[in-house]
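Following: one structure in structure tokens, then a few remarks.
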Amino acid sequence: MFKLSLQYIKHYKKRTFSVLVAIILSVAVIASIIILGQSANQANIDSIKYDEGSYHAVFTKLDNDQIEKIKKDKSIKDRGFAEYYDSVALTDDFYLNILRADKEYIKLGSSFSGNSFIKEGRYPEKDNEIAVEEWVLNVLGKEPKVGSDLQLKLEDRRETKTYKLVGILKDRPEFKRSMTLQAFLPISDDFKGNRNISMVTFKDENNINKLTSLLAKKLNVKSDDIVKNTTLIEAYGKLNNIYKNNIFSLLVILVASFIVIYGIYSISILQRISEYGILLAIGSSRKQLMEITLYELLILSAMGVPIGIILGLIVSKLLSGLVGNVFTEGAVNISRLVITKEAFIIPVIVTAAVILLIVIAVYITISKISSIEAIRKNLGLREKCNKKIYKKVASGKNLSIYSIVTIRNILSNSRSFIMIILSISIAGILFINASYLSFLEERQVDNIADSIGYNSDYKINLVPGAKKTDGLSSKELERIRSLNGVRDLSAIQVIYSRLMLSSEHISEPMYFENLNSTPYIKDLMNGMLVKNLKATDKLEEYILKDNMYGYDDKSLAKLRKYLVKGKIDIDRMKKENLAIVRIPNPINTENKRPYVANFKVGDKIRVAFSNKGTNSEESWKINYNDDSYEYKEYTVTAIVNNLLDYDNYYTVNNSVDVVLSSDIFKKDTGITQYKIISINKERGVNHNVLYKKIKSIIDKKPGVILRDLDKEIENFNILNENKHRFINAIVMILFIMGVFNIANNIKYNIASRMREFGMLRAVGTTNKSLKEMFLAEGFLYGAISSVVVIIFGVLVQYILYNKYLAIYINPIFKIQYREYLIVIIINFIVTIATTYLSSMNIRKTAVVDMIKNDQ
């Protein structure tokens, strides 16, 4: 049977070539999708490491013995240590922490390598030497100059000490974003007390949570004293568990590969069915026929899989570079391609599965007919069914004779016709939905940028403990807005407030229970959602500590992109007591509900806030409202699921937030100052020069911090563009390979019917009529496949939208009109062009040669 399979491969060269091309293209698509998908995941990890730190876990409140155990632990790859030394009080609740730390501790706080974390100078070596990040020096009002003296009033030691500034460190994005101020002294030989910290990474990135728990048990450290880099850990899970995280994608690839390869192979089976009948008649078993199919496909796969993998590698490399220039402005540093063993294993597994499915499909086809029927190419009931259809087609009054012949020709090969339509449609559906996922990912990056404050070049915030009346006035904002180089400015007011709730408003109690158990909420706030200790009405049974914001017109307009329900009517909001409510919708909450609180458009909400002049941490802990609290009632006009900016303290972004227009906010609270200001510069303006101009306006304002985020935003965008580059490369690969597969399928389908076309020419069909038949067939392929693409493309998009509804920030269901139009146009171009070019080849072939053709 093996020798017979080889003879089939050698004799039917066109069939062999078409099946081989289908295998090569399918394997190339699988390999390139895995390579580019893993590369996108790696680019995501690079972005997280830069923005949130490359550490896996932080262990706090360690003593010297525990530090020694960490130093000796063999499961740890990198370890950094820091010891609390003292602090400097900048306001009542805002401190500069001074740490004795090693270089590794600072490097793990971002994605630094070697000494790249040092911008200028060196790391401290003596006790009177200090190193500070540049942004921290700016907050302290000190000139970032190596060799200068830095005088600090130490809180615990109750003394003022002068240090020599020997190193200016690069800003660590996570600490800069959260306004966590630190300065560094050289590490000590032994660690005193239990206020020591260790950042670690583990050698085994697949089991970070398990290794963290094991290490915690060895050290006898409580879970409250461990901080995990959960975002990075989840990203490692996607990178390292390709089978677990991509089951659905692999199934889609399997089905698509089966349809593409079987589409061509099934035509080959139908063409050689009479030969199988002869083999059955002379004593061959159906099992032996299966062996012929199996050996044939195994031989072709042995040739096609290696070529496909190599092609996938080449295409991945080419497109990952090309797509960056197509989809992004300017040059971007490309993350390396991640080539894992799965890029070689999965194509083999999928190809083996496709071979098995094809063998089963062929067996089912052959088992339904006798040897006599096979010799006559009589496929039984299908023929009877087709005869009825032929009669209906033949009765078509508006169809030409050649259109009728074309349709009957298609129906006589209905299986191959269906497989071609499926292969064309799947290619289009995959391209459209890959493009939709790319759109969702790009939108998600923009939303994350808002969430972490990377939505403006400069950010002005107030420190904790600032008075309610502190901030920038409208006049000061106008002075900044009028500076040469400022493109736009938006401003937000904030007050720490409380929502009065009944139990009906709480849709996800476990979310708040988990929050209340976290150290920050438990120790500093005495709970976020708490029982109202002085409740007199069931409608105010609970207090939910929250932030109430006042947005200017520009900020309200920008907030519309996060709208879930209702309407943001700026004019009405400036005149009426209307509020926008932002409700958290975390992933995997206990009851799987999308939002943690139950508010609807039109609901009345009651908000309480203190009229005292300060926002002290002591007042946060009180779980009732005393006489200093005022109450205001608002009507919910809209629900959103994200804000443009969050206050960095109190509830941050964990609670329900209330947004008013700045006009109503001022009227109800009496606060006229702005506490969060976003400033964007014009293109080409030197960010350092503009920074100094802005700083000169706010320098004398108490508790005001100005941060220049130009570099952080640039790096954030570069790293995310790298990730998006790989995603776009996947889209391009699906598009290109889809076009080749469509052309290959149609070309072979027509070539396999060469004898039929020869007979048509023999009975007098002209070349012009033959060309019309081919064009009609191409048009039918394009029209029917386009309809299938539109119907199932929209359906799959909707399924993806619902999947990402609970994962991404405010994803939107958007029909990719441009992509659908591209697919439809390409479908018609490829199908009509392929059939037309095939017709040219047929018209050049002698009639006798066509009738003799056995391909």
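For what it's worth, our numbering labels the leading residue of the sequence shown as 769, then goes sequentially.
Glycine is no exception: its CB is placed at the ideal position from the N, C-alpha and C atoms.
The structure presented is a predicted model; accordingly, all values stated were derived computationally and were not measured.
Distance, residue j Cα to residue i Cα
i: Tyr-776; j: Leu-1066; result: 13 Å
i: Gly-848; j: Pro-912; result: 26 Å
i: Ala-1544; j: Leu-1198; result: 26 Å
i: Gly-1148; j: Arg-1054; result: Low confidence applies here, because Gly-1148 scores a pLDDT of 47, under 50, leaving its location unreliable; read the following figure in that light. Each residue's alpha carbon lies about 18 Å from the other.
i: Leu-1331; j: Lys-1343; result: 21 Å
i: Arg-1493; j: Ala-808; result: 8 Å
i: Phe-1280; j: Val-1424; result: 11 Å
i: Val-1100; j: Asp-870; result: Low local confidence applies: a pLDDT of 33 at Val-1100 is under 50, so the model's placement there is unreliable, and no value is given.
i: Gly-1452; j: Val-1254; result: 11 Å
i: Asn-1284; j: His-824; result: 24 Å
i: Tyr-1604; j: Ile-1027; result: 24 Å
i: Asp-992; j: Lys-845; result: 23 Å
i: Val-1404; j: Ile-1336; result: 10 Å
i: Leu-922; j: Ser-1396; result: 35 Å
i: Asn-1488; j: Ile-1216; result: 11 Å
i: Leu-982; j: Ile-816; result: 25 Å
i: Ile-1263; j: Ser-1429; result: 13 Å
i: Phe-885; j: Ile-866; result: 18 Å
i: Ala-1365; j: Glu-1309; result: 15 Å
i: Lys-829; j: Arg-963; result: 5 Å
i: Lys-782; j: Gly-821; result: 56 Å
i: Asn-1416; j: Ile-1078; result: 50 Å
i: Ala-1601; j: Leu-1081; result: 29 Å
i: Arg-1150; j: Val-1591; result: Annotation note: pLDDT 47 at Arg-1150 (below 50); position unreliable, coordinate value reported separately. Computed Cα separation, rounded: 32 Å.
i: Ser-1464; j: Phe-1433; result: 28 Å
i: Lys-978; j: Arg-945; result: 29 Å
i: Asn-1454; j: Lys-1479; result: 12 Å
First through last residue of the alpha helix (DSSP H) which encompasses residue i
i: Met-1527; result: 1522-1530
i: Thr-1603; result: 1585-1612
i: Thr-1237; result: Neither: Thr-1237 is in no alpha helix (DSSP H) and is coded neither H nor E.
i: Met-1278; result: 1277-1284
i: Val-1298; result: That residue, Val-1298, is in no alpha helix (DSSP H); its beta strand (DSSP E) goes 1297-1299.
i: Ile-791; result: 781-820
i: Ser-1430; result: 1430-1437
Spatially closest choice to residue i from the options, by CA coordinates
i: Met-1500; options: Ile-1200, Asn-997, Asn-1300, Gln-919; result: Ile-1200
i: Tyr-1459; options: Ser-822, Leu-1428, Leu-1251; result: Leu-1251
i: Ile-1189; options: Ala-1511, Tyr-1588, Asn-809; result: Ala-1511
i: Asp-831; options: Ser-879, Phe-959, Asn-896; result: Phe-959
i: Val-797; options: Val-1531, Asn-1595, Ile-1558, Phe-1508; result: Phe-1508
i: Asp-860; options: Thr-1419, Thr-1440, Ala-1234, His-779; result: Ala-1234
i: Asn-1490; options: Thr-784, Ala-1202, Ala-790, Gly-805; result: Gly-805
i: Ser-1387; options: Glu-1272, Met-1296, Glu-1064, Val-787; result: Met-1296
i: Asn-1064; options: Phe-785, Phe-770, Ile-1580; result: Note on identity: in this sequence residue 1064 is Glu, with Asn being the wrong assignment. For Glu-1064, the nearest C-alpha among the options comes from Phe-770.
i: Ala-811; options: Met-1608, Tyr-1319, Asn-1485, Phe-1560; result: Asn-1485
i: Leu-1048; options: Tyr-1030, Ile-1351, Val-995, Ser-1138; result: Ser-1138
i: Gly-961; options: Val-1598, Ala-799, Glu-851; result: Glu-851
i: Leu-905; options: Ser-881, Arg-890, Met-1541, Leu-864; result: Leu-864
i: Asn-1008; options: Val-1556, Ala-1303, Lys-1109, Ala-984; result: Lys-1109
i: Val-1122; options: Ala-1024, Gly-1045, Ser-1191; result: Ala-1024
i: Ala-1574; options: Leu-1589, Pro-1354, Leu-793, Lys-1449; result: Pro-1354
i: Thr-1440; options: Glu-1540, Asn-1393, Leu-1245; result: Leu-1245
i: Lys-1326; options: Lys-1380, Ile-1351, Ala-951, Leu-1257; result: Leu-1257
i: Ala-857; options: Asn-1595, Leu-920, Ile-1117, Ile-813; result: Leu-920
Integer Cβ distance of residue i from residue j, believed to fall under 8 Å
i: Val-1426; j: Met-1316; result: 4 Å
i: Leu-1301; j: Leu-1267; result: About 16 Å separates the two Cβ atoms, so there is no contact after all.
i: Ile-1107; j: Ile-1248; result: Not quite, the Cβ-Cβ distance comes to about 50 Å (not below 8 Å), so this is no contact.
i: Ile-1473; j: Met-947; result: 6 Å
i: Ile-1514; j: Tyr-1549; result: 7 Å
i: Val-1407; j: Phe-1367; result: The question names Val, but residue 1407 in the sequence shown is Ile. Ile-1407 to Phe-1367, Cβ: 7 Å. Contact.
i: Ile-1577; j: Gln-1212; result: 6 Å
i: Thr-980; j: Lys-996; result: 6 Å
Residue i: first and last residue of the uninterrupted beta strand (DSSP E) it sits in
i: Asp-1256; result: 1254-1269
i: Phe-827; result: 825-830
i: Arg-847; result: 844-859
i: Asn-1448; result: 1444-1449
i: Glu-1401; result: 1397-1408
Query raised in the report: For the segment 1304-1368, which segments carrying the beta strand (DSSP E) assignment without a break, of at least 3 residues, lie completely within its bounds, in sequence order?
Result: 1310-1319, 1331-1334, 1346-1350
Restricting to runs no shorter than 4 residues, where is the alpha helix (DSSP H) found entirely within the segment 1556-1583?
none
(Q) Suppose only complete runs of 4+ residues qualify. What are the alpha helix (DSSP H) ranges in the segment 905-959, listed by chain order? (A) 941-945
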